[in-house]
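When the count follows UniProt numbering, it moves up by one through the sequence shown with no breaks and lands on 238 for the last residue. Some notes on the structure that comes next.
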Amino acid sequence: MKANFIHTYVSVDCVVFGFEDDQLNILLVQRGADKKGVKDLKLPGSLIYNEEDVDDAAHRVLFELTGIKRMSLKQFRCFASPDRTKNPDDVKWLDVAYQPNINRLITVAYLSLCKVDRKLNNISKYKLTEWCPINKLPQMPFDHNQIVKESLTEIRQWIEFDPAIVFELLPQKFTISQLHKLYEAIYNKAIDIRNFHKKVAAMPYVVALEERQKDVSHRAARFYKFDKKEYNKRKTSI
């Protein structure tokens with residue numbers, strides 16, 4: 001019996017996390033025109049060029065979106081279900097965007113972290129990009145909602161292995177409250193603030209500064225910074 005091999009294309013999709021206003025956000029792009037006032041949003045991604053390595057393709061997508069040449073980037077899973085392209089609207093968009101004859105689209109998913117306050121220089125074909133709170137994500141094409149869900153599980157494991165990663169989402173000077181809210185957003189649960197203060201106090205690489213918040217209605221909180229040298233020194237010695 002002759003094997004029925006699939007006509008396959010490979011793409012990359014990137015889940016870019018940012019943190020602002022005590023919320024975890026995802027960077028999305030608009031793939032087409034508004035439909036009755038509803039934005040057609042998706043994860044940033046691309047088919048892989050013939051001469052490209054898959055990691056290079058992911059870096060290209062992020063560079064075109066942000067202008068940042070090297071971002072923290074982690075490949076975490078391949079999504080290859082035949083149902084990825086079962087929606088006729090998604091197939092139609094693929095035909096317009098790439099004009100291939102695709103009956104199976106396999107994507108390699110990456111997650112990345114970016115400071116929201118960093119100026120992004122978008123030179124991609126997606127002219128509209130926006131940060132969307134993770135708890136307000138729209139229904140996206142393909143299996144992008146599932147990719148985001150699984151990327152959250154991955155980022156938690158990433159942070160457990162390398163806690164320094166979380167500080168890439170914070171400004172250079174941050175408060176303990178900001179760090180606390182970020183952990184709550186990532187783990188999607190309430191974390192006791194007193195126990196959290198104790199855990200932070202045991203982190204010698206989280207250094208208190210003399211500076212405090214200004215022009216705030218509440219008691220001004222002290223700023224802290226992440227000491228990468230101290231972190232690397234201790235990580236190497238373990």
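Each residue gets a CB set at the ideal place from its N, CA and C atoms; glycine is no exception.
DSSP state of residue i mapped onto helix, strand, coil
| i | result |
| --- | --- |
| Y49 | coil |
| P204 | coil |
| I238 | Residue placement at I238 cannot be trusted, given a pLDDT of 47 that sits under 50; the coordinates are not used to answer. |
| I106 | strand |
| S177 | helix |
| D13 | strand |
| Q75 | strand |
| S217 | coil |
| A97 | helix |
| Q139 | coil |
| I68 | coil |
Cβ neighbour criterion (16 or more within 10 Å) applied to residue i
| i | result |
| --- | --- |
| S217 | exposed |
| V108 | buried |
| R84 | buried |
| L41 | buried |
| P44 | buried |
| I134 | buried |
| A57 | buried |
| P204 | exposed |
| I186 | buried |
| I6 | exposed |
| H197 | exposed |
Beta-carbon proximity of residue i to residue j, cut-off 8 Å
| i | j | result |
| --- | --- | --- |
| Q146 | T175 | no |
| residue 256 | I26 | Nothing about residue 256 can be reported from this structure: the residues present for the chain run from 1 to 238 only. |
| F76 | S151 | yes |
| V61 | C14 | yes |
| V207 | I106 | no |
| G18 | L170 | no |
| L209 | Y231 | no |
| M120 | Q30 | Per the sequence presented here, residue 120 reads as Leu, with Met not at that position. No, the Cβ-Cβ distance between L120 and Q30 is not below 8 Å. |
| D192 | F142 | no |
| E130 | L28 | yes |
| N122 | L65 | yes |
| Y110 | K149 | no |
Pairwise C-alpha distance: residue j and residue i
| i | j | result |
| --- | --- | --- |
| D227 | F167 | 10 Å |
| A164 | R104 | 38 Å |
| E211 | L94 | 52 Å |
| K115 | L47 | 26 Å |
| F63 | S112 | 12 Å |
| K189 | V16 | 21 Å |
| W158 | S72 | 11 Å |
| T153 | V12 | 19 Å |
| K39 | Q139 | 10 Å |
| T8 | I102 | 6 Å |
| V96 | N50 | 19 Å |
| D53 | H59 | 10 Å |
| S81 | E20 | 34 Å |
| E184 | R156 | 11 Å |
Bridge-paired residues (DSSP) for residue i
| i | result |
| --- | --- |
| W131 | L27 |
| T8 | R104 |
| L43 | According to DSSP, which records beta bridges pairwise, L43 is partnered with nothing at all. |
| Y224 | F174, A208 |
| L113 | F17 |
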